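Heads up: the structure comes next, in structure tokens.
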Amino acid sequence: MSRFLYQLDKEEFKSLLKESLKEILLDERIFNTDKELLNIKEAAAFLNLAVNTLYEKTSERSIPHYKHGKKITFKRAELIEWVQSRKVSTYDEIKHLSRPNFK
């Protein structure tokens, strides 16, 4: 929407506000819950990925997931571990690891 808020009529503003609140509440529900298993939409939001990208990663078997028939689920802890395992080392870390340990 390219119009300013003050240019919206009452119904347009309510609709915009309603959609924004839905997004906020979905994010809050996903990130501030102890829910162990996530469905594909929740996992995509948690990882900040498109649902299609997440489907690709599951078909490539590059991300930990579970299939129950056609339903795909993800364990939150495994997703966190998967993200952390993709850390790129800094130059200082590489330099430190490449130094021989002489005693």
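Numbering (the working numbering), first residue to last: 43 to 145. Just so you know, even glycine gets a beta-carbon here, dropped at the ideal spot from N, CA and C. If you're wondering where the values come from, they're calculated on a predicted model, not measured in any experiment.
(message) Please tell me whether LEU58 and LEU50 are closer than 8 Å, where the distance is taken between their beta carbons.
(response) yes
(request) Give the secondary structure of PHE88 by DSSP, where H, G and I count as helix, E and B as strand, and everything else as coil. (result) helix
(message) Among the candidates LYS60, GLU78 and ARG141, whose CA atom is the shortest distance from the CA of THR115?
(response) GLU78
(message) With three or more beta-carbon pairs closer than 8 Å as the criterion, would you say the stretch 86-101 touches the stretch 127-139?
(response) no
(request) Count the other C-beta atoms from every protein chain shown that fall within 10 angstroms of the C-beta of ILE105, then say buried if there are 16 or more, exposed otherwise. (result) buried
(request) Just mark GLU84 as buried or exposed, buried being the case when its beta carbon has 16 or more other beta carbons within 10 Å. (result) buried
(message) DSSP three-state label for THR95, please.
(response) helix
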